[in-house]
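The next block holds one structure in the form of C-alpha cells; read it before the comments.
Protein chains: 2
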Amino acid sequence: MTDSTTARDEAAPSGQGSASAALRIAVLDRDSGFIQVLSKRLDRLGWEHRVLASPVPADAVVAMRLSALVVDLAVLGPQAWEWLERLCGALPDLGIVVCTGPSTVAQRVRGLRLGADDWITKPCHPEEVIARVQSVVRRRRRPSGRTETKPLTAGEVEIRSDRFQAFVNEASLDLTRREFELIELLAAAEGRVLEREEIYSRLWGYTMVRGDRSVDVFVRKLRQKLEKSSPRWRYIHTHFGIGYRFAAESLDVEADVEVPASIPVDWDARDQGELAGPHEGRELTTDSL
Amino acid sequence: MTDSTTARDEAAPSGQGSASAALRIAVLDRDSGFIQVLSKRLDRLGWEHRVLASPVPADAVVAMRLSALVVDLAVLGPQAWEWLERLCGALPDLGIVVCTGPSTVAQRVRGLRLGADDWITKPCHPEEVIARVQSVVRRRRRPSGRTETKPLTAGEVEIRSDRFQAFVNEASLDLTRREFELIELLAAAEGRVLEREEIYSRLWGYTMVRGDRSVDVFVRKLRQKLEKSSPRWRYIHTHFGIGYRFAAESLDVEADVEVPASIPVDWDARDQGELAGPHEGRELTTDSL
DNA sequence: CCGCGTGTGAACATCCTGTGACGATTGTCT
DNA sequence: AGACAATCGTCACAGGATGTTCACACGCGG
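Right, here's the structure in full:
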C-alpha cells in the first residue's frame, strides 16, 4: 500500500478532513512580478504549486491533477472562454480562480457562469488571492460530516476508512487505493445504483469519456478480491446500461431452518450493519460459518 | 420529476436538473436600492428569497435553512466578525457572499478565512452578485444532491429511482433501462395521457419518425412484466390514436378485500387519471383488453 | 365492410459488460 | 542512479443483454 500520500487530496470521494495541508495549485500567468510573489507565498504555505507561463491546452491541465488553478485569462487570448468552458466541463471539481486585468461586469458574469469559482481583478494583493483560493478549495471538500467515525460493514466485509482497507474476518483484502475508494464509494451509497459516469467523476475527478472501461475493470478487480475472501456473498451488482449497486447478499439458500434458535441473534444491530437497503427482504444472513 | 429523463436530455450524469431551481437565498442589507434591484432579479430567477434589513442573530439565520446568504457586514457593526464566525461554524454548507462597501485587503482576507465564500465590493452590479452566488451554490450541491428520491407508487408497484427499478411486493420487475425510463415517465405523468411522440422524444431524445413502433414494443414489454408480477391490476391504458396513460386500476370488482393492505393504493393518482381528458372530448377509453 | 392503428412474437443488429493480457507509470529498495 | 515491484489504464475479444425492425393478426372507428 503506502498509497495514501497524495491519495486523498484530489478527487477524494470521502476525503479525510485532516489533510488540509497538501494542495496542488497551478498558476497560469505571465506577470513575472505577480508570479514571483505568489510563488513565494505558496512555498511558505507548503502548497505544491506549478507556474505556467504559456497557454496550456485544457487537456494538459487535466493531467496535472490540481486542486485549484489561478489563471489570467489574458494569457489565453481570444480562446479563453472556450478554454475555460472545456476545462470546467472536464474537471467539475477543480477550483478555478480567475485573476486578470480590468474586465466588464459581463465578462466576469460570463466567466463565473462558465464554471469559474472566483474572479479577482488585478492589481490585487497576493494574500487575497491565497485567501480566495483557500475559500474555493474549502468549499470543495464535501465530506465535512463524514469523518472516519464508523466503519462500514456489509455482509462479511468491514470497510475502515481510517485504514484505507477492507477486511473480512480481520483479514485485509489488500485493496489498492483505487479499489478501496471504489468500494468505499459504492458502500456509502447505501444500496443505491451509481451510474458509471458518477463513479468515474467522483473517483477520478474528471468527467468520463465514452468508452472508458476503467470503472468496469476496477469493479472486476474488487469482485475478485471480495470473492476470494468472502465466497458465499455477492456484493457488487451490475445494472445493465446504468452502473453498479453495492449490497451484501448471501448465496446461502433459505437456510433459516438451519439456524438454531438457541443462538440469539442481535437482529437490530445486524440489520443496521447490513448496507443492503431495508428492502431485499430476504437477507437471511445465515452467517453459519 | 422524471429524473432520469431530464438528466438524459442535458447529458448530466449525476445532477438532477430540478435541484437547481430550489434555492433559498437571504439578503442582509440596508441599501434599499440595492435590495430592490436584487430582489427583482431574484424574483425573475424564481429563487425563494428573503430580505433582512436589521442585524439578525446568527442562530436565527440557521433556522432559515438557506442555500446562500448575501450580507453587508456594515449592517452588523463591530460584531460582524464574531457573527460571521459563528454562522460559518454553525452552517459550514451555507454559501456566504459578503457584499459590502470599501474594505482593506486585510479585512477581505479575514472574512474569507473566517468562512465567507466570496467577497464583493460595492458598488457592484446585481448580475455579478447573482453570478457569484450561483458559483458558490454550484459547488455546494454535490453532496446532498441526491436526496430527493421519493418512491413513487401506484397500485401494487413501487418505482424507485434510486435503484432504476420497479418493485411489486419487494420483488424486482427486472426492467431494462428503457423499460424503467418508460414506466417512470408514464407514472410521473400522474394519469395524464402521453402522446407517442412525446414519449418518444423524452425517452429517445429526438423526434420520432413516422411508423416507428418502438414505443409500442416497450409498452408491451412493460405490460408483460407488470402483468406477470401484478396480475390483478392494469396499469398502462391505450388511448387509440393518441398514446398511453398510466393509472393503477384493480380488476377486482369492488372486492378490494383481495388487495393486500401492505401496500397503500394511490387512489389520488387514480382519480386524477380518470378526470384527465385534456384532448378533445373523445376520451372513450378503449382500455378494454 | 374497409382502412388504419395497435398488439404480438420473433429475427436481427447493436450495444454493454466480463475478462485476460499488455504496456505505461509510479514509487520503493538496493 | 538503476533495478524492481506494484498499480493503473487501455486494448481486444467473447458472450450475453438489450434495442430495433419486421411481418402478421386483431380490433377500433368510420
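Protein chains in written order, with my numbering: chain A, 1 to 289; chain B, 1001 to 1289. Glycine included, each C-beta is placed from N, C-alpha and C at the ideal position. None of the values given here were measured: they were computed from a predicted structure.
- When rounded, the separation of the alpha-carbon atoms in Ser-1103(B) and Arg-245(A) is 51 Å.
- Taking the CA atoms as reference points, Glu-1170(B) sits about 19 Å from Ser-1250(B).
- Nearest in C-alpha terms to Arg-132(A), of all of Arg-1108(B), Ser-1067(B) and Val-1137(B), is Arg-1108(B).
- Pairwise C-beta distances place the stretch 1157-1168 of chain B in contact with the stretch 184-201 of chain A, as three or more of them are shorter than 8 Å.
- Taking the C-beta atoms as reference points, Trp-1081(B) is found no nearer than 8 Å to Arg-1113(B).
- Leu-1173(B) and Phe-1167(B) have their C-alpha atoms spaced approximately 6 Å apart.
- In this structure, Val-27(A) keeps its C-beta atom at 8 Å or more from the C-beta atom of Leu-45(A).
- The beta carbon of Ala-1116(B) falls within 8 Å of a beta carbon belonging to chain A, placing the residue at that interface.
- The beta-carbon of Arg-234(A) is placed no less than 8 Å from the nearest beta-carbon of chain B.
- Proximity of Leu-1112(B) to chain A, defined by a Cβ-Cβ separation below 8 Å, is satisfied.
- Under the DSSP assignment, Trp-81(A) falls in the alpha helix (DSSP H) whose first and last residues are 80-90.
- Listed along the chain, the chain A residues whose CB falls inside 7 Å of the CB of Glu-1127(B) are Val-105 and Val-109.
- Legend: CB atoms of the stretch 187-221 of chain A lying less than 7 Å from CB atoms of chain B belong to residues Arg-192, Val-193, Glu-195, Glu-197, Glu-198 and Ser-201.
- The CB of Gln-134(A) comes closer than 9 Å to the CB of Leu-1112 and Arg-1113 in chain B, given here in chain order.
- With a contact defined as Cβ atoms closer than 8 Å, Ile-1236(B) and Leu-1186(B) qualify at about 7 Å.
- With contact defined as three or more Cβ pairs closer than 8 Å, the stretch 1085-1097 of chain B and the stretch 1114-1127 of chain B are in contact.
- Going by DSSP, Trp-119(A) is part of the beta strand (DSSP E) stretching over 118-121.
- Look at Tyr-1200(B) here: in three-state DSSP terms it is helix.
- When secondary structure is reduced to three states using DSSP, Val-209(A) falls in the coil class, being assigned neither helix nor strand.
- Distance from the CA atom of Val-37(A) to the CA atom of Pro-126(A), rounded to whole angstroms, is 7 Å.
- Counted as a single uninterrupted DSSP element, the stretch harbouring Gly-1241(B) is not any beta strand (DSSP E), since DSSP gives it neither H nor E.
- Per DSSP, the continuous beta strand (DSSP E) segment holding Ala-1026(B) begins and ends at 1024-1028.
- Scanning chain B for C-beta atoms nearer than 7 Å to the C-beta of Ala-171(A) yields nothing, as the closest lies near 31 Å away.
- Residue contact check for Ile-242(A) against chain B: a CB pair falls below 8 Å.
- At a cut-off of 8 Å, the C-beta of Ala-131(A) has a neighbouring C-beta in chain B.
- In this structure, Leu-1182(B) keeps its C-beta atom at 8 Å or more from the C-beta atom of Leu-1152(B).
- As DSSP reads the structure, His-125(A) sits in no beta bridge.
- Interface with chain B (8 Å Cβ-Cβ cutoff): Arg-245(A) is included.
- When Cys-99(A), Ala-68(A) and Glu-156(A) are compared, the shortest CA-CA separation from Arg-140(A) is found for Ala-68(A).
- Taking 9 Å as the upper bound on Cβ-Cβ separation, chain B lies near residues Pro-92, Asp-93 and Gly-95 of the stretch 86-97 of chain A.
- Take the alpha-carbon of Cys-1099(B) and the one of Arg-1234(B): they are about 58 Å apart.
- With contacts defined as CB atoms closer than 8 Å, Val-75(A) and Pro-55(A) qualify as a contacting pair.
- In this structure, DSSP gives Arg-1234(B) an extended state, which the three-state scheme calls strand.
- The Cβ-Cβ distance between Leu-1222(B) and Glu-1156(B) does not fall below 8 Å.
- One thing to note: Leu-1066(B) has its Cβ no nearer than 8 Å to the Cβ of Ile-1035(B).
- When the five nearest sequence neighbours on each side are left out, the beta carbons in the same chain lying within less than 8 Å of the beta carbon of Asp-212(A) are those of Tyr-200, in order along the chain.
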